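Down below is the structure, laid out as structure tokens.
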Amino acid sequence: MKGLSTEDLDAVKELVNIGVGRAAAMLNEITCSHITLHVPTLQVIRLDELDSAGGLSGRTGAATVKIDFRGFFTGTTALIFPPESAAALVMAITGEGEDLPELDAIRIETLMEVGNIFINGVMGSIGNVLGQQITYLPPVYVEDTMANIVRTARFDPDERVLLANTRFYVEDIDVEGIIAMILEIGSLDTLLEKIAVVRGG
Numbered sequence: 412m413k414g415l416s417t418e419d420l421d422a423v424k425e426l427v428n429i430g431v432g433r434a435a436a437m438l439n440e441i442t443c444s445h446i447t448l449h450v451p452t453l454q455v456i457r458l459d460e461l462d463s464a465g466g467l468s469g470r471t472g473a474a475t476v477k478i479d480f481r482g483f484f485t486g487t488t489a490l491i492f493p494p495e496s497a498a499a500l501v502m503a504i505t506g507e508g509e510d511l512p513e514l515d516a517i518r519i520e521t522l523m524e525v526g527n528i529f530i531n532g533v534m535g536s537i538g539n540v541l542g543q544q545i546t547y548l549p550p551v552y553v554e555d556t557m558a559n560i561v562r563t564a565r566f567d568p569d570e571r572v573l574l575a576n577t578r579f580y581v582e583d584i585d586v587e588g589i590i591a592m593i594l595e596i597g598s599l600d601t602l603l604e605k606i607a608v609v610r611g612g
């Protein structure tokens with residue numbers, strides 16, 4: 412894989428931000444909550460660095476919604492919430508309290524819906540902007556440490572991850588989330604080539 416320039420990172424971040432804006436609009440409409448999303452940072456790391464780079468090292472029970480995709484590039488996109496952020500987001504959207512007996516089922520259902528909408532918004536925008544078709548598998552919900560999630564994914568440790576820290580602002584609540592796009596070897600170069608074509612580079 413070639414080294415990434417500042418221009419490469421800026422171009423990818425611009426694409427992700429377009430998708431995040433689309434996802435926010437879709438979430439606002441479906442959840443009837445005022446949700447604002449912001450992506451302050453984006454970095455490219457090796458897969459085996461994801462646990463520490465995501466700030467989730469050693470933290471159990473990360474709530475993760477992941478969707479496998481294929482097309483002009485291939486991989487998995489995951490939306491990851493630390494446990495406390497997942498709980499805060501669900502309560503902010505549903506208005507339910509922590510003492511509700513059915514909260515676990517509601518939490519999973521809500522996070523699946525949010526993750527599915529969010530990931531499809533981001534990936535759909537990337538495909539639309541670049542004029543490429545992307546096919547998705549159904550979303551999967553997992554609660555585990557980030558290290559275990561990565562370990563069971565059967566990816567090559569050398570594969571690259573686009574890691575975007577994301578802030579969800581729901582009403583007055585600030586929720587931390589992480590977008591991790593795990594790309595099969597060669598897919599990041601393909602993505603950058605398509606971006607360069609669209610930008611006339």
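FYI, in this note's numbering the residues of the sequence shown are 412 to 612.
Every residue gets a Cβ at the ideal spot worked out from N, C-alpha and C, and that includes glycine.
None of the values given here were measured: they were computed from a predicted structure.
Beta-carbon proximity list for residue i, same chain, < 8 Å, skipping 5 on both sides
i           : result
residue 522 : 474, 476, 492, 497, 500, 501, 552
Terminal residues of the alpha helix (DSSP H) in which residue i lies
i           : result
residue 601 : 598-610
residue 505 : 494-505
DSSP three-state assignment for residue i, whether helix, strand or coil
i           : result
residue 529 : helix
residue 451 : strand
residue 538 : helix
residue 548 : coil
residue 420 : helix
Residue i classed as buried or exposed, judged by whether at least 16 other C-beta atoms fall within 10 angstroms
i           : result
residue 506 : exposed
residue 548 : exposed
residue 611 : exposed
residue 441 : exposed
residue 434 : buried
residue 418 : exposed
residue 575 : buried
Cβ-based neighbour list, residue i, same chain, cut-off 6 Å, excluding 5 preceding and 5 following
i           : result
residue 572 : 456, 458, 461, 591, 593
residue 449 : 578
Cβ shell of residue i (< 7 Å), same chain only, five flanking positions each side left out
i           : result
residue 609 : 540, 541
residue 429 : 536, 540
residue 526 : 476, 490, 550
residue 544 : 482, 538
Whole-number beta carbon distance between residue j and residue i, since they are thought to touch under 8 Å
i           : j           : result
residue 503 : residue 582 : 6 Å
Residue interval of the beta strand (DSSP E) (run including residue i)
i           : result
residue 587 : 584-594
residue 556 : Looking at the DSSP string, residue 556 is not in any beta strand (DSSP E), and its letter there is neither H nor E.
residue 574 : 571-581
residue 479 : 473-482
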